[in-house]
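> As they're listed, the protein sequences go chains A and B.
Per our numbering, the very first residue in the first sequence carries number 1; after that it's consecutive.
Per our numbering, the very first residue in the second sequence carries number 414; after that it's consecutive.
Protein chains: 2
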Amino acid sequence: MLHASICTIGDEILIGQIIDTNSSCISRTLEETGIKVTRMLSIGDDRDDILTNLRHELEINDIVITTGGLGPTKDDITKSVLAELSGSKGFVTSTEQLEIVHQILHSRGLDVLDINLAQANVPDTAEVIPNRLGTAPVMVFHIGKSTLYSLPGVPHEAIGALPDVIQHIKTHNSLTSISHRSVMVFGLAESALSKKIESWENNLPSDMHLAYLPNPLTGIRLRLSIYGGDAADHERRIGEQLAALHAILGDLIYSFEDDTLEHRIGTLLKASGKTLAVAESCTGGEISHLVTTVPGSSSYYLGSVTSYAISVKEKILGVPSATIREHGVVSAEVAAAMAEGVRRALGSDYSVATTGLAGPGGDDRNPEGTVWIGVSGPRGTVTARYQYKNDRKRNIERFAAAALNMLRKYIEE
Amino acid sequence: MLHASICTIGDEILIGQIIDTNSSCISRTLEETGIKVTRMLSIGDDRDDILTNLRHELEINDIVITTGGLGPTKDDITKSVLAELSGSKGFVTSTEQLEIVHQILHSRGLDVLDINLAQANVPDTAEVIPNRLGTAPVMVFHIGKSTLYSLPGVPHEAIGALPDVIQHIKTHNSLTSISHRSVMVFGLAESALSKKIESWENNLPSDMHLAYLPNPLTGIRLRLSIYGGDAADHERRIGEQLAALHAILGDLIYSFEDDTLEHRIGTLLKASGKTLAVAESCTGGEISHLVTTVPGSSSYYLGSVTSYAISVKEKILGVPSATIREHGVVSAEVAAAMAEGVRRALGSDYSVATTGLAGPGGDDRNPEGTVWIGVSGPRGTVTARYQYKNDRKRNIERFAAAALNMLRKYIEE
């Protein structure tokens, strides 16, 4: 099995100004491709540090993937250090990347500056994989027995380049095949899920590997994999295990592929030709934002009202002021009235509403982290209360995910 | 200056199941204390890997901080490997930590199991810093000329232990200072900014270090730092450079501290006692979401209408259907009517609105990535058009950030 290490280059990660999310994504992708990640490393924009560390990583790994340090400004020195490391005699221009740089500058209405054009220059020792999402290309260096892939640090560029990098690795190495299937589960903590499927998990064939991949917005992705062997046969065997898992988990499973709640809801609504509206308070727009990240959502999504102020709940959503006075803003009654109000105001088939306290602040009846969710549709309105214990940002995510899951279950019924 | 490295131990980070947030926080704290972080490392729960990597880190650093691998289950082996690494002859019980373990089990209503009590046992080579937030204590090892601090992996425990760790470091070392200042810039690409401040940058004193930290949602953070020396003097010198930078960049700078557009807008609105409403189309709720990530935003934020469907633009926001027919949905006129409509409907002092095409799809007049932004307030309504070329998700972010920046400038004027 190939061994790889991932190295982020940049002071901003090293001194803790930004959190490294690239390494985690790259690691997951390598692992799914059948490559063992031995370690991840973060170093600063310093010539000696980059040279010393990369030399060491190249000695003990088949593949080294770096991200960062490829910007046009002076603090970014990865390219020149890689030129030195690979014994380059000079720089050459990648005409393909130069074309992309021109397109990007043109489409953004930016002047063509020399430092932008220089982004298309690479050491003569580098093989280029063009980067359509940014100005810095991916560079491939063969150094000793190892291969180094230099990716941009901007997350969507790094992640966007990954499929080409994986393809390059596959072309130049013989990898053991891996058969994978994912199942999306929402509504249980990891430990509770583990307990619930304990005996199923313990009886899995010894060549089958189960991974728990929790995510606050999408729930837990369970991934079953088998390394090597006959892919068709493995897929059949994994399918059998997933059917058994479905019998245990029922509608806690919302998809049998790598999926999100908002995408699943979109699939259901498109299939039925029904429409959706959203009313938010404590989630502040996050649910609407998630719904509209799905391409094509305009075919079923009408829109939303974020009623942060009580006056907006009353005026736009038509929540009776008496309901608010009697039950409080954070209540089942207000969640229901908001869901019904937005459904009526926007004329949708379904709606979902939230009212709660993301924090900081709360009281005895509704401590910080409390949310009431209302879902309304052809079969009437249902409400539920959830309680979380995170900071404001994480609570908003949890509330939004719980609301989407409740909507998903209502539509599926 | 002391050199430190941070090492997370655990398969879950190495294979990308969870994102490492501890290292970033520890690094920031060390930097602020005047300790240079040379690198960050993630390795798996493997005896040989832990030994090899920690030996190497201890050789080249004064301080090594590890997190993780201290749980009570079998896969966590950090403690026994640290015993081996430090030449321990056996384990001793920390009576102070044992007391805490009992308290924690009692308060959670859990049975007292041997594996829990064993959490208070440490190698006889370790100095103990009690951990009141969890069962595993912080352990300090003096190995060769270096000191290793072993912290728990659970983020709130690791972060909670930091003040005691920093105190321990300060007590045992004399530290140099680091002076940092950040400036937030929005409205220029990194390369254009670099060009604009080129001569200022070239004339920076040689001990002053400039870093560009771009982020699609917050713009570019410029960070100036000086290592060592007299902190008060450095802060004065950095302040002088920032004043010169301000003269060059003007209102492209929106803050002289680490900040976000939505937070800056909140600061301005709170100071003036004015209110805000938002109308979104292509941004789908992202602007409202960003505004409400700011704690206390309910004091100035009334709410938003996401009008994904034309019917919602007409019915709720009162955009005349003639305006849509004549100018098209993606137009200055509709952006202005949406901004004015939501300001009227919700009764706010200011408003911002977006209408555009995040993609996929577009036409000749309005290609994918086009957005019209309207800002309305006491001085009337202004509009502007922006054009981006990213994928849907990234376009939505760019649109939202451009809208927030336009609103920020309008309020500041």
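C-beta: ideal position from N, C-alpha, C; glycine also.
This one's a predicted model, so the numbers in the text were calculated from it and none came from an experiment.
With 9 Å as the threshold, decide whether the Cβ of aspartate 49 of chain A is near any Cβ in chain B.
Residue mapping note: residue 49 of chain A aligns to position 49 of the first sequence, counting from 1. At least one chain B Cβ lies under 9 Å of aspartate 49 of chain A.
> Looking at the C-beta of aspartate 349 of chain A, does it have a partner C-beta in chain B at a distance below 9 Å?
Residue 349 of chain A sits at position 349 when you count from the first residue of the first sequence. Judged by the 9 Å Cβ criterion, aspartate 349 of chain A is not in contact with chain B.
> So, with DSSP's three-state summary, where would you put valine 755 of chain B?
In the second sequence, the residue the question calls residue 755 of chain B occupies position 342. In this structure, valine 755 of chain B counts as helix in the three-state DSSP scheme.
> Alpha carbon to alpha carbon, what distance is there between serine 701 of chain B and valine 330 of chain A?
In the first sequence, residue 330 of chain A corresponds to position 330, counting from 1. In the second sequence, residue 701 of chain B corresponds to position 288, counting from 1. Cα to Cα, valine 330 of chain A sits roughly 20 Å from serine 701 of chain B.
> Against chain A, with Cβ distances strictly below 9 Å, would glutamate 699 of chain B count as a contact?
Position 286 of the second sequence holds residue 699 of chain B. Closer than 9 Å to some Cβ of chain A, the Cβ of glutamate 699 of chain B qualifies, so yes.
> Who does glutamate 540 of chain B pair with in a DSSP beta bridge?
Position 127 of the second sequence holds residue 540 of chain B. B:Val553, per the DSSP bridge assignment.
> Use the C-beta contact count for leucine 279 of chain A: other C-beta atoms within 10 angstroms, 16 or more gives buried, fewer gives exposed.
Sequence index remark: in the first sequence, residue 279 of chain A carries index 279 (1-based). In the sequence on display, residue 279 of chain A carries alanine and not leucine. Buried, because 16 or more other Cβ atoms sit within 10 Å of the Cβ of alanine 279 of chain A.
> Verify the CB distance criterion: does valine 81 of chain A have a CB-CB separation below 9 Å to chain E?
Reference to chain E is not applicable here, since the protein chains of this structure are A and B.
> Between which two residues does the alpha helix (DSSP H) carrying phenylalanine 504 of chain B extend?
Looking up residue 504 of chain B in the second sequence gives position 91. Not the alpha helix (DSSP H): phenylalanine 504 of chain B falls in the beta strand (DSSP E), residues 504-506.
> Beta-carbon within less than 8 Å of glycine 566 of chain B's beta-carbon, same chain only, minus the 5 sequence neighbours each way: which residues are those?
In the second sequence, the residue the question calls residue 566 of chain B occupies position 153. Thr421, Ile422, Gly423, Asn435, Thr480, Gly481, Gly482, Leu483, Gly484, listed in sequence order.
> Following the continuous beta strand (DSSP E) through proline 618 of chain B, name the residue where it begins and the one where it ends.
As a working note, residue 618 of chain B is residue 205 in the second sequence. Unbroken run through proline 618 of chain B: none, as it is neither H nor E.
> Give me the chain B residues within the contact set of alanine 309 of chain A, using Cβ-Cβ distance strictly less than 7 Å, ordered along the chain.
For this step, residue 309 of chain A is matched to residue 309 along the first sequence. Within 7 Å Cβ-Cβ: Leu715, Gly716.
> For tyrosine 212 of chain A and arginine 521 of chain B, what's the separation of their Cα atoms in angstroms?
Numbered from 1 along the first sequence, position 212 holds the residue referred to as residue 212 of chain A. Numbered from 1 along the second sequence, position 108 holds the residue referred to as residue 521 of chain B. The alpha-carbon atoms of tyrosine 212 of chain A and arginine 521 of chain B are separated by roughly 25 Å.
> Excluding the five sequence neighbours on either side, which residues of its own chain have a C-beta within less than 6 Å of the C-beta of aspartate 646 of chain B, listed in chain order?
Counting from 1 along the second sequence, the entry for residue 646 of chain B is found at position 233. Here the set comprises nothing.
> Does alanine 335 of chain A come within less than 9 Å of chain B when only Cβ atoms are used?
By one-based count along the first sequence, residue 335 of chain A stands at place 335. With 9 Å as the cut-off, alanine 335 of chain A does not count as an interface residue toward chain B.
> Comparing C-alpha positions only, which one of B:Met552, B:His569, B:Pro568, B:Ser720 sits nearest to tyrosine 562 of chain B?
The residue labelled residue 562 of chain B in the question sits at position 149 within the second sequence. Taking only the C-alpha atoms, the option nearest tyrosine 562 of chain B is B:Met552.
> Distance check for isoleucine 43 of chain A and glutamate 57 of chain A, CA to CA, integer angstroms please.
On the first sequence, residue 57 of chain A is found 57 positions in, with the first residue counted as 1. On the first sequence, residue 43 of chain A is found 43 positions in, with the first residue counted as 1. Each residue's alpha carbon lies about 12 Å from the other.
> Counting only beta-carbon atoms, is glutamate 570 of chain B nearer than 9 Å to chain A?
The sequence position of residue 570 of chain B within the second sequence is 157, counting from 1. With 9 Å as the cut-off, glutamate 570 of chain B does not count as an interface residue toward chain A.
> Give me, in chain order, the residues of the same chain whose beta-carbon lies closer than 7 Å to that of lysine 89 of chain A; leave out the 5 immediate sequence neighbours on both sides.
Counting from 1 along the first sequence, the entry for residue 89 of chain A is found at position 89. Cβ neighbours of lysine 89 of chain A beyond the five flanking positions: Asp124.
> Listed from N- to C-terminal order along the chain, which residues in the stretch 766-799 of chain B have their beta-carbon within a distance smaller than 7 Å of any beta-carbon of chain A?
Correct list: Pro773.
> Just the Cα atoms here: how many angstroms apart are valine 718 of chain B and glutamate 512 of chain B?
Along the second sequence, read from residue 1 onward, the residue named residue 718 of chain B stands at position 305. Along the second sequence, read from residue 1 onward, the residue named residue 512 of chain B stands at position 99. Cα to Cα, valine 718 of chain B sits roughly 54 Å from glutamate 512 of chain B.
> Going along chain B, which residues have a C-beta under 8 Å from arginine 392 of chain A?
Start at 1 with the first residue of the first sequence, and residue 392 of chain A comes out as number 392. Those within 8 Å of arginine 392 of chain A in chain B are Thr706, Pro708.
> Quick one: list the residues of chain B neighbouring aspartate 259 of chain A, beta-carbon separation under 8 Å, in chain order.
Numbered from 1 along the first sequence, position 259 holds the residue referred to as residue 259 of chain A. Here the premise fails: no neighbours, minimum Cβ distance about 16 Å.
> Does asparagine 628 of chain B come out as helix, strand or coil in the three-state DSSP assignment?
Working through the second sequence from its first residue, we reach residue 628 of chain B at position 215. Correct three-state label for asparagine 628 of chain B: strand.
> Mind checking if asparagine 53 of chain A is an interface residue toward chain B, Cβ cutoff 9 Å exclusive?
Translated into the one-based positions of the first sequence, residue 53 of chain A becomes position 53. It does; some Cβ of chain B falls within 9 Å.
> Sorted by chain position, which residues of the same chain lie with C-beta nearer than 8 Å to arginine 650 of chain B's C-beta, five sequence neighbours on each side aside?
As a working note, residue 650 of chain B is residue 237 in the second sequence. Cβ neighbours of arginine 650 of chain B beyond the five flanking positions: Pro618, Met621, Ile639.
> Per DSSP, what are the beta-bridge partners of methionine 40 of chain A in this structure?
Position 40 of the first sequence, counting from 1, holds the residue named residue 40 of chain A. In DSSP, methionine 40 of chain A forms a bridge with A:Ile6, B:Ser455.
> Helix, strand or coil: how does DSSP classify isoleucine 287 of chain A here?
The residue you call residue 287 of chain A lines up with position 287 of the first sequence. In this structure, isoleucine 287 of chain A counts as helix in the three-state DSSP scheme.
> When DSSP builds the beta bridges, which residues end up paired with histidine 593 of chain B?
Locating residue 593 of chain B in the second sequence gives position 180, where the first residue counts as 1. Histidine 593 of chain B pairs with B:Ser638.
> Are the CB atoms of proline 550 of chain B and arginine 807 of chain B nearer to each other than 9 Å?
By one-based count along the second sequence, residue 550 of chain B stands at place 137. By one-based count along the second sequence, residue 807 of chain B stands at place 394. Contact flag unset, no.
> Apart from the five residues on each side of it in sequence, which residues of its chain come closer than 7 Å, Cβ to Cβ, to glutamate 603 of chain B?
Taking the first residue of the second sequence as position 1, residue 603 of chain B is located at position 190. Hits under 7 Å: Tyr625, Pro627, Ile633.
> CB glycine 772 of chain B to CB arginine 805 of chain B, shorter than 9 Å?
Walking along the second sequence from the start, residue 772 of chain B turns up at place 359. Walking along the second sequence from the start, residue 805 of chain B turns up at place 392. Yes; because the gap between Cβ atoms is below 9 Å, this pair is in contact.
> To the nearest angstrom, how far is it from the Cα of isoleucine 143 of chain A to the Cα of glutamate 425 of chain B?
Locating residue 143 of chain A in the first sequence gives position 143, where the first residue counts as 1. Locating residue 425 of chain B in the second sequence gives position 12, where the first residue counts as 1. Going by the C-alpha atoms only, they are around 30 Å apart.
> Grouping DSSP H, G and I as helix and E and B as strand, with all else coil, what is tyrosine 386 of chain A?
Numbered from 1 along the first sequence, position 386 holds the residue referred to as residue 386 of chain A. Tyrosine 386 of chain A falls in the strand class under three-state DSSP.
> Among A:Gly377, A:Arg343, A:Lys170, which one has its Cα closest to the Cα of glycine 303 of chain A?
Counting from 1 along the first sequence, the entry for residue 303 of chain A is found at position 303. When each option's Cα is compared against that of glycine 303 of chain A, the closest is A:Arg343.
> Between the stretch 313-323 of chain A and the stretch 249-266 of chain A, are three or more C-beta pairs nearer than 8 Å?
Not touching, per the Cβ criterion.
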